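In what follows, a single structure is set out as structure tokens and then discussed.
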Amino acid sequence: MNVKERAMRAPTIELRDVVKVYGSGPAGVRALDRVSLAVAPGEFVAISGPSASGKSTLLHLAGGLDGPTSGTVTVGGEDLAHLRPAELARVRRRQVGYVFQRYNLVASLTAVENVMLPLEFGGMPTRQARGAAVAAIERVGISRPFDRFPDDLSGGERQRVAIARAIAGDRDAILADEPTGALDTITGDLVIELLAELAAAGTSIVLVTHEPRFATWADRVVFMRDGRIVDESVAAAPPSPPAEPPVEVLSP
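This note's numbering puts the sequence shown at residues 18 to 269.
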């Protein structure tokens, strides 16, 4: 999906004048300060900034894991503040996938069972959930057998299972919080490449990262500091190939 096509569609996720304060009174911490951000379908947005700049808080609110002190957060056009708990859980299970830095896999469940878990919680029949889980695992490039436990997988494989869990069921958006932080360079690059492929297929991607090189994969990089968005950069269009010189035709 190109930039023009994305601009014509309603945002998958949108934050408008969002404020998030933890605590109250003089001890209150303003984690987000009037943040506005819209992520279009198929857009890959990277969020960068120093520690405690509000990056992870932004992801928590965008995924419905927490609520704003003020402002609005919408997913698929729905204001999350107006949803009942069961409806909010539905958004988290079916529309938004979350990739945590430390995997958050259940050690007593196999790889495929970890991916199936949120689908079954969402009411999907077991057989259908297993089929969707296997498709997601194959999509992230993990080889069989899929019944291995997390402790039997490498760090890269565990992170790919976590991504499979996030994308199973065709989510509209994937929120990834430092998903490469515990991975080696090669495996980390493969994970980012996979996220870019998902974006190209129409899934909105929001990636929190400290790695400047990952900005080359994103359509847009958002810079945060002290709970605010302080700058943005849009990926430059690739340079056009040089024009071929005209062919001189010699008369006989």
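By construction, the Cβ of each residue, glycine as well, lies at the ideal position given by its N, Cα and C atoms. Keep in mind the model is a prediction, meaning the values are calculated, not measured.
Open item on the list: Can you tell me whether T74 is helix, strand or coil according to DSSP?
Closed with: Working through the sequence shown from its first residue, we reach residue 74 at position 57. In the three-state reduction of the DSSP assignment, T74 falls in the helix class.
Task: Delimiting residues of the alpha helix (DSSP H) encompassing A106 - done: For this step, residue 106 is matched to residue 89 along the sequence shown. Unbroken alpha helix (DSSP H) run through A106: 102-111.
Task: Burial state of I209 (16 or more Cβ within 10 Å) - done: Taking the first residue of the sequence shown as position 1, residue 209 is located at position 192. Classification of I209: buried, given that the 10 Å Cβ count is 16 or more.
TODO: Decide if D164 is buried, meaning its Cβ has at least 16 other Cβ atoms within 10 Å, or exposed.
DONE: Taking the sequence shown and counting its residues from 1, one reaches residue 164 at position 147. Counting the other Cβ atoms within 10 Å of the Cβ of D164 gives fewer than 16, which makes it exposed.
- [ ] Write down every uninterrupted run of the beta strand (DSSP E) in the region 90-161 whose length is 3 residues or greater and which is fully enclosed by it, in chain order.
- [x] Listed in chain order, the complete beta strand (DSSP E) runs (minimum 3 residues) inside the region 90-161 are 113-116.
Task: Burial state of V123, where buried means 16 or more other Cβ atoms lie within 10 Å - done: As a first step, residue 123 must be located in the sequence shown, where it is residue number 106. V123 is exposed by the Cβ-count criterion.
Task: Cβ-based burial, K37 [other Cβ within 10 Å; buried from 16] - done: Here residue 37 is taken as the residue at index 20 of the sequence shown, counted from 1. Residue burial is scored here from C-beta neighbours: K37 has at least 16 other C-beta atoms within 10 angstroms and is therefore classed as buried.
TODO: Counting only the same chain and skipping the five closest in sequence on each side, list residues whose C-beta sits under 6 angstroms from that of R177.
DONE: By 1-based counting over the sequence shown, the position of residue 177 is 160. Once the five neighbours on either side are set aside, the close Cβ partners of R177 are V157, I159.
Task: the region 49-58 touching the region 68-79, judged by at least three CB pairs closer than 8 angstroms - done: As far as the Cβ criterion goes, the region 49-58 touches the region 68-79, which means the pair count is three or higher.
Task: Backbone secondary structure at E60 - three-state DSSP - done: Here residue 60 refers to the residue found at position 43 when the sequence shown is read from its first residue. Three-state result, E60: coil.
TODO: Assign V46 to buried or exposed, taking buried as 16 or more other Cβ atoms, counted over all protein chains shown, within 10 Å of its Cβ.
DONE: For the purposes of this step, residue 46 is taken as the residue at position 29 of the sequence shown. Residue environment analysis places V46 among the exposed positions, since fewer than 16 neighbouring C-beta atoms fall within 10 angstroms of its C-beta.
- [ ] Given a cut-off of 7 angstroms, decide if P135 and R110 are closer than it, judged by their beta-carbon atoms.
- [x] Indexing the sequence shown from 1 puts residue 110 at position 93. Indexing the sequence shown from 1 puts residue 135 at position 118. The answer is yes: Cβ separation under 7 angstroms.
- [ ] Return the first residue and the last residue of the alpha helix (DSSP H) that E214 is part of.
- [x] Position 197 of the sequence shown, counted from the start, is the residue given in the question as residue 214. Counting along the chain, the alpha helix (DSSP H) containing E214 begins and ends at 202-217.
Open item on the list: Please classify E60 as buried or exposed, where buried requires at least 16 neighbouring CB atoms within 10 angstroms.
Closed with: Taking the sequence shown and counting its residues from 1, one reaches residue 60 at position 43. By the 16-neighbour rule on beta-carbons within 10 angstroms, E60 is buried.
TODO: Take S257 and list the residues in its own chain whose beta-carbon comes closer than 8 angstroms to its own, dropping the five residues that flank it on each side.
DONE: Taking the sequence shown and counting its residues from 1, one reaches residue 257 at position 240. Note that S257 has pLDDT 47, beneath the 50 cutoff, so the model's placement of it is unreliable and no number is given.
Task: When V113, L215, D206 are compared against R230, the one with the closest alpha-carbon - done: What you label residue 230 is simply residue 213 of the sequence shown in a count that begins at 1. It is D206 whose Cα lies nearest to the Cα of R230.
Task: For F240: DSSP bridge partner residues - done: The residue you call residue 240 lines up with position 223 of the sequence shown. Bridge partners of F240: S65, D248.
- [ ] Report yes or no: do three or more beta-carbon pairs, one from the region 142-154 and one from the region 95-113, lie closer than 8 angstroms?
- [x] Contact fails: fewer than three Cβ-Cβ distances are below 8 angstroms.
Open item on the list: At the level of alpha carbons, what is the spacing between G40 and H99?
Closed with: Numbered from its first residue, the sequence shown carries residue 40 at position 23. Numbered from its first residue, the sequence shown carries residue 99 at position 82. In this structure, the straight-line span from the alpha carbon of G40 to that of H99 is close to 23 angstroms.
Open item on the list: Please report the distance separating the alpha-carbon of G198 from that of Q118.
Closed with: The residue you call residue 198 lines up with position 181 of the sequence shown. The residue you call residue 118 lines up with position 101 of the sequence shown. Taking the straight line joining both Cα atoms gives about 6 angstroms.
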